[in-house]
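Read through the structure below, which is laid out as structure tokens, and then see the notes.
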Amino acid sequence: MRPCDTPRLRLREMTDDDLDDMAALLGDLQVMEYYPHPKDRTEAAAACVDHARELGMQRNPELRHKSPSHEVFSLDL
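Per the working numbering, residue 1 is the first one in the sequence shown, and the count goes up by one each step.
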């Protein structure tokens, strides 16, 4: 699902090609200086799962990601 555009931005879904750039940004102390409590990967993954569950999403084993270590959550609309 493509993210919604805003009046000033045209957004797109991230791809695997974005991972190195995002890791560099999130690992840059100057970029993260104003973020109160940066998380490591495990904490970030747990926070994402918690957020998904708060939105009513549930793990869906029928949906697969190409990486076997990823879980896919979905929401019936």
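Positions of the beta carbon are idealized from the N, C-alpha and C atoms, including for glycine.
Per-residue DSSP class, three states only, for residue i
i: E41; result: It should be noted that the sequence gives Arg, not Glu, for residue 41. Helix at R41.
i: L49; result: Contrary to the premise, residue 49 reads as Val rather than Leu in this sequence. The answer is helix: DSSP assigns V49 an H, G or I state.
i: M14; result: coil
i: D5; result: coil
Short CB-CB distance (under 7 Å) between residue i and chain D
i: V31; result: Among the protein chains of the structure shown there is no chain D, as only one such chain exists.
Of the residues the options, the one placed nearest residue i, counting alpha carbons only
i: L77; options: S69, G56 and R64; result: G56
i: E54; options: F73, L19 and P61; result: F73
Residues that DSSP places opposite residue i in a beta bridge
i: R59; result: F73
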